[in-house]
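Q: Plus 1345 on top of the position in the sequence shown (first one is 1) and you've got this note's numbering.
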Amino acid sequence: MSLPVLVGISGASGAIYGVEALRMLQEISIPTHLVISELGLRTLKIETDLSLEDLSPLAEAVYNNKDLGAAISSGSHITRGMIVAPCSIKTLSGIAYSNSANLMIRAADVVLKERRPLVLMVRETPLHKGHLELMTRAADIGAIIHPPLPAFYTKPQSIRDIVRHSVGRALDQLGISHDLIKRWDGG
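1. Relative to the C-alpha of Ala1343, which candidate in Gly1414, Leu1479, Leu1457 has its C-alpha closest?
2. In the DSSP output, which residue or residues are listed as bridge partners for Gly1353?
3. Mapping the DSSP letters down to three states, classify Tyr1362 as helix, strand or coil.
4. Where does Ala1406 fall in DSSP's three states?
5. Locate the beta strand (DSSP E) running through Leu1463, then write down its first and last residues.
6. Inspect the beta-carbon positions of Val1407 and Leu1367 and report whether they are closer than 8 Å.
7. Contact check, Met1369 vs Leu1525 under 8 Å by CB: the rounded distance?
8. Give me the residue from His1491, Ile1489, Asp1506 with the minimum Cα distance to Phe1497.
9. Counting C-beta neighbours from all protein chains within 10 Å, is the total for Thr1388 16 or more, i.e. buried, or is it exposed?
10. DSSP has Ile1489 in a bridge; who is on the other side?
11. Looking at Arg1460 and Pro1349, is the spacing between their C-beta atoms short of 8 Å?
12. Taking just the CA atoms, how far does Leu1386 sit from Leu1397?
13. Output the distance between the C-alpha atoms of Gly1356 and Ser1419, rounded to the nearest integer angstrom.
14. Output the distance between the C-alpha atoms of Asp1399 and Tyr1362, rounded to the nearest integer angstrom.
15. Let's see if you can read the secondary structure: which residues bound the alpha helix (DSSP H) around Asp1454?
16. Around the C-beta of Ala1484, are 16 or more other C-beta atoms found within 10 angstroms, so that it is buried, or is it exposed?
17. When you compare the CB positions of Val1467 and Cys1432, do they come within less than 8 Å of one another, or not?
18. Using a Cβ-Cβ distance cut-off of 8 Å, determine whether Leu1395 contacts chain D.
19. Rounded to the nearest angstrom, what separates Ile1360 and Ala1430 at their Cα positions?
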């Protein structure tokens, strides 16, 4: 049985990144466990018209972000790693300071302490020095800071093309082999 990837969807704009991560992992038969914040649910509805009920079939397990006793809050629950897509500055701050105020942050902290990959698709602009310092602090404790930036050599035809490429590159950081995106071939 393949180990699951944890997918966190925080309240930053860009909920589609988390949705696409769930879809792409399902395409390559990698199980996922989902945790989504209250603001993540709100943003999901505003940006995509999707609900938690729409996402549930894409995940093997769905956790309540308030349930700090859930399986993913323990290092004995083995996973492949975690992607937080999108990652709000509030969530980044909690992770950077190991402030387990909710399950998403606790699960990320567990992933780091167990030396598994944690990919943070930080969605904020513009960035001030405090944001950059949070990213540096998170990177210093092992997180991979992976803002969802578009690649235009792929000649994207849609927003989904742009999102898929960013998520595909994030999956690369988790060590997941796939052929879901166009790769640079030297031109």
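Virtual Cβ for every residue (Gly too), placed ideally from N, Cα, C.
A: In brief:
1. No statement about residue 1343 is possible, as the shown extent of the chain runs from 1346 to 1532 and does not include it.
2. Val1380, Val1429
3. DSSP places Tyr1362 in the helix class (H, G or I) of the three-state scheme.
4. strand
5. 1463-1467
6. no
7. 5 Å
8. Residue Asp1506 is the option with its Cα nearest to Phe1497.
9. buried
10. Ile1489 pairs with Val1464.
11. The answer is no: Cβ separation not under 8 Å.
12. Going from the Cα of Leu1397 to the Cα of Leu1386 covers about 7 Å.
13. 24 Å
14. 15 Å
15. 1448-1458
16. Its Cβ having fewer than 16 others within 10 Å, Ala1484 is exposed.
17. yes
18. Absent here is chain D; the protein component of the structure consists of one chain.
19. Here the sequence assigns Ala to residue 1360, which means Ile is not the residue at that position. If you take the alpha carbons of Ala1360 and Ala1430, they lie about 7 Å apart.
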